[in-house]
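Structure first, then comments.
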Amino acid sequence: MSSLLKLSQVEAYIQQFHILHDINFEVPKGEVTVLLGRNGAGKTTTLRTIMGLNPVSKGSVVFKNEDISNLKPHLIANKGIGYVPEDQGIFGDLTVGENLRVAMKREDQETTERLDWILDLFPDLKKFWKKPGGQLSGGQKQMLAIARAYVNENDLLLIDEPSKGLAPIVVEKVMETILQMKEKTTILLVEQNFLMASKIGDRFYIIDDGQTVHNGLMGELKQDKALMKKYLGVS
Amino acid sequence: MDLIASLTVNGLATGMLIFLLAAGLTLIFGLMSVLNFAHGGLFIWGAYAGVWIYYVTNSFLLAIIVAIVTGLVLGLITERLIIRPVYGNHIQQILITLGFMLVLQELIKVAFGPDQKAVHPPAWLEGSFQMGDVILIKYRLFIIAIGFLLFLTIYLILKKTRIGLIVRAGVMDREMVQTLGINIRFVFMAVFMVGAALAALSGVLHAPYSGVIYAEMGLEFSILAFIVVVIGGMGSFTGSLFAAILVGLAQAFMAYYVPALSLAVNMLIMTVVLIFRPQGLFKVKG
Ligand SMILES: Nc1ncnc2c1ncn2[C@@H]1O[C@H](COP(=O)(O)OP(=O)(O)OP(=O)(O)O)[C@@H](O)[C@H]1O
Ligand SMILES: [Mg+2]
Chain A
0 MSSLLKLSQV EAYIQQFHIL HDINFEVPKG EVTVLLGRNG AGKTTTLRTI
50 MGLNPVSKGS VVFKNEDISN LKPHLIANKG IGYVPEDQGI FGDLTVGENL
100 RVAMKREDQE TTERLDWILD LFPDLKKFWK KPGGQLSGGQ KQMLAIARAY
150 VNENDLLLID EPSKGLAPIV VEKVMETILQ MKEKTTILLV EQNFLMASKI
200 GDRFYIIDDG QTVHNGLMGE LKQDKALMKK YLGVS
Chain B
0 MDLIASLTVN GLATGMLIFL LAAGLTLIFG LMSVLNFAHG GLFIWGAYAG
50 VWIYYVTNSF LLAIIVAIVT GLVLGLITER LIIRPVYGNH IQQILITLGF
100 MLVLQELIKV AFGPDQKAVH PPAWLEGSFQ MGDVILIKYR LFIIAIGFLL
150 FLTIYLILKK TRIGLIVRAG VMDREMVQTL GINIRFVFMA VFMVGAALAA
200 LSGVLHAPYS GVIYAEMGLE FSILAFIVVV IGGMGSFTGS LFAAILVGLA
250 QAFMAYYVPA LSLAVNMLIM TVVLIFRPQG LFKVKG
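Sequences listed follow chains A and B, in order.
The numbering of the first sequence is numbering that gives the first Met the number 0, which starts it at 0 and goes up by one.
The numbering of the second sequence is numbering that gives the first Met the number 0, which starts it at 0 and goes up by one.
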């Protein structure tokens with residue numbers, strides 16, 4: 000197993016609050032790794048810490064065999080990590096097309112092909128190409144955020160709760176897309192929607208109170224009712 | 000009729016100069032949420048450096064170029080030495096930029112002497128056109144034209160180029176822009192320098208317009224720029240144009256009809272805007 004990303008004994012603070020205590024996990028290349036855990040467990044903080052938006056106070060974040068902890072966010076992004084934040088981070092006054100253009104480091108054929116591929120999955124984005132991002136529906140914003148993270152040739156995508164606040168049918172759509180993207184890239188997914196997590200995830204880690212407390216193959220988790228109840232409140 | 004027309008031209012010219020001053024400040028605030036009270040110092044340095052060259056060479060064009068270069072260089076120095084250490088802390092920003100503003104103002108007196116200086120427009124911009132009853136002063140039209148051209152140029156850059164989109168995106172969500180692989184600090188430095196150059200240009204263009212320059216204009220224009228940025232909506236480029244023209248026109252008409260209020264009019268507009276539209280005339284959406 001070659002792991003693309005590896006966090007070892009990562010600790011992090013937000014201001015004076017000790018939020019991450021001991022985060023350890025690996026993301027194998029070509030798979031979807033899911034971070035689970037109840038509200039406030041530290042999932043978002045973990046992704047932000049990988050992106051360099053939050054400092055690593057102890058431990059290491061290794062990406063493609065290089066320690067990226069405490070690099071500036073834009074340098075981390077340029078190593079090949081795309082990020083879809085929990086709030087989607089759409090630029091509200093920019094149109095759909097402009098949101099994508101800001102992200103596109105190059106406008107060569109390869110990038111254009113990637114763009115076309117993802118737009119075929121989200122025809123709505125083509126339809127509302129000139130509409131300001133702020134006026135899209137929640138689901139469309141999510142699709143735009145995913146497309147924006149995808150247009151550059153990234154090796155890893157961090158996606159934070161893509162199902163949040165979406166109607167079941169839209170969740171279905173987002174899930175299908177992530178399944179298709181799985182063929183082309185490695186994904187680290189934070190997801191509370193257990194159905195979605197179990198359908199697309201290969202491997203899971205449970206975060207509780209800033210620590211990774213459990214991990215395994217997604218298939219195993221589905222069997223382990225006691226574990227799910229204890230950490231996820233799913234019965 | 001001729002009175003209204005001439006007051007309007009006056010107001011537009013003043014408005015365009017204020018716009019050049021405020022445009023940079025609004026983007027600087029929007030992009031890094033930096034409160035820069037030294038902006039008027041860049042204005043006054045542009046005015047003095049330009050006017051000095053103008054005295055020496057008698058070339059107004061050269062004066063404009065020197066003012067712009069002065070703005071770029073001072074902008075770079077200000078961003079690196081003054082602003083960079085106080086990112087994220089508004090109190091410190093206000094204190095250090097106000098202090099730096101006073102330093103810039105005093106340095107003017109050291110470099111150019113403490114007396115105010117009289118400035119006339121160059122010969123090719125002196126005089127006026129007559130259209131019917133209306134007398135249009137050439138230099139004012141010149142200012143309006145330059146202001147409008149620069150507005151259009153910057154507007155198109157912000158609207159159509161990727162660099163412009165990055166700046167606008169940065170104003171809406173700085174963090175997100177970084178996670179797309181963009182060095183926001185570098186973008187900010189560039190915007191700061193351009194903003195400083197615009198302020199310096201405003202200064203040198205203002206000199207023959209008011210006919211006189213003096214060091215204390217620095218602080219006066221720092222405050223004016225802030226008022227305009229607040230009225231227009233902090234971070235909004237188009238908003239800064241509308242607010243600047245509004246303030247320019249209000250000043251021109253008040254000075255004629257209600258002279259007693261002409262000094263207070265900026266504050267009045269700001270107060271009314273803050274009461275009814277606290278986000279300013281234009282709001283930037285994240
Ligand atoms: N800006 C902040 N200041 C202080 N504490 C914060 C801040 N942001 C997050 N926290 C705290 O950090 C902890 C982890 O938050 P985080 O957002 O990482 O959780 P999460 O697992 O993503 O939760 P959710 O499922 O609700 O999104 C929480 O206890 C939260 O209250
Ligand atoms: Mg979260």
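Virtual Cβ for every residue (Gly too), placed ideally from N, Cα, C.
Every value quoted in this text rests on a predicted model; they were computed, and no experiment measured them.
query, result
"Mark K224 (chain A) as exposed unless 16 or more other C-beta atoms lie within 10 angstroms of its C-beta, in which case mark it buried.", "exposed"
"Let's test the definition: count the other Cβ atoms within 10 Å of the Cβ of L205 (chain B) and tell me whether it reaches 16, buried, or not, exposed.", "The question names Leu, but residue 205 (chain B) in the sequence shown is His. By the 10 Å Cβ count, H205 (chain B) comes out buried."
"So what does DSSP say about A263 (chain B), is it helix, strand or coil?", "coil"
"Let's see if you can read the secondary structure: which residues bound the alpha helix (DSSP H) around E171 (chain A)?", "P167 to M180"
"Please report the straight-line C-alpha distance between Q87 (chain A) and Q8 (chain A), rounded to a whole angstrom.", "28 Å"
"Does the stretch 213-222 of chain A come close enough to the stretch 190-205 of chain A to have 3 or more Cβ pairs within less than 8 Å?", "yes"
"Closest to M31 (chain B) by C-alpha separation, out of B:S127, B:P84, B:A117 and B:I222, would be which residue?", "B:P84"
"Just checking T43 (chain A) against ligand 2 - is the residue's beta carbon closer than 6 Å to any of the ligand's heavy atoms?", "yes"
"Kindly indicate the opening and closing residues of the alpha helix (DSSP H) around N9 (chain B).", "D1 to M31"
"Is any beta-carbon of chain B found at less than 7 Å from that of G91 (chain A)?", "yes"
"Exposed or buried, what is S239 (chain B) when buried is set at 16 or more other beta-carbons lying within 10 Å of its beta-carbon?", "buried"
"Using a beta-carbon distance cut-off of less than 9 Å, what residues from the stretch 118-141 of chain A approach chain B?", "P131, G132 and G133"
"Could I get the ranges of all uninterrupted alpha helix (DSSP H) runs contained in the stretch 211-242 of chain B, with 4 residues as the minimum, in chain order?", "216-231"
"Let's test the definition: count the other Cβ atoms within 10 Å of the Cβ of R139 (chain B) and tell me whether it reaches 16, buried, or not, exposed.", "buried"
"Which residues of chain B have a Cβ atom closer than 7 Å to the Cβ of K104 (chain A), listed in chain order?", "G180"
"So which residues of chain A does L20 (chain B) contact, with C-beta pairs closer than 8 Å?", "Near L20 (chain B) there are no residues of chain A at all, since even the closest Cβ is about 24 Å away, more than 8 Å."
"Would you report the Cα separation of M100 (chain B) and R79 (chain B), rounded to the nearest angstrom?", "15 Å"
"Could you check what DSSP says for S2 (chain A) in three-state terms: helix, strand or coil?", "strand"
"Can you tell me whether W44 (chain B) is buried or exposed, with buried defined as 16 or more other CB within 10 angstroms of its CB?", "buried"
"Mind reading off the beta-carbon distance from G232 (chain B) to L164 (chain B)? Whole number of angstroms is fine, and I expect it under 8 Å.", "About 19 Å separates the two Cβ atoms, so there is no contact after all."
"One question on the structure: do L226 (chain A) and I199 (chain A) come within less than 7 Å of each other, judged by their Cβ atoms?", "no"
"What is the C-beta distance between L197 (chain B) and L19 (chain B), in whole angstroms, given that I count them as a contact (C-beta under 8 Å)?", "5 Å"
"Considering Cα atoms alone, identify which of B:Y256, B:A242, B:Q115 and B:A4 is closest to G131 (chain B).", "B:A4"
"Is E174 (chain B) near ligand 2, going by C-beta to nearest heavy atom under 6 Å?", "no"
"Go to M130 (chain B), then tell me how far its beta strand (DSSP E) extends in each direction, as first and last residue.", "S127 to M130"
"Helix, strand or coil: how does DSSP classify L156 (chain A) here?", "strand"
"Residues in the same chain with beta-carbon distance under 7 Å from F36 (chain B), minus the five sequence neighbours each way, listed in chain order, please.", "I93, T96, L97, M100 and S221"
"Check the DSSP bridge columns for P131 (chain A) and list the partner residues they point to.", "A:T94"
"Whose Cβ in chain C lies nearer than 9 Å to the Cβ of R83 (chain B)?", "The structure shown contains no chain C; the protein chains it does contain are A and B."
"Give me the chain A residues within the contact set of L164 (chain B), using Cβ-Cβ distance strictly less than 9 Å, ordered along the chain.", "F90, L93, E97, N98, R100 and V101"
"So what's N11 (chain A) in DSSP terms, helix, strand or just coil?", "In the sequence as presented, Asn is not what sits at residue 11 (chain A); that position holds Ala. Residue state, collapsed to three classes: strand."
"Measuring alpha carbon to alpha carbon, tell me which of A:G138, A:S59 and A:L188 ends up nearest H20 (chain A).", "A:S59"
"For Q302 (chain A), does the three-state DSSP call read helix, strand or coil?", "Outside the modelled stretch of chain A, which goes from 0 to 234, sits residue 302 (chain A), for which no answer is possible."
"From the DSSP output, which residues share a beta bridge with A117 (chain B)?", "B:V211"
"Within the 7 Å Cβ cut-off, does E174 (chain B) reach chain A?", "yes"
"Is it true that the CB of R147 (chain A) sits closer than 7 Å to the CB of L114 (chain A)?", "no"
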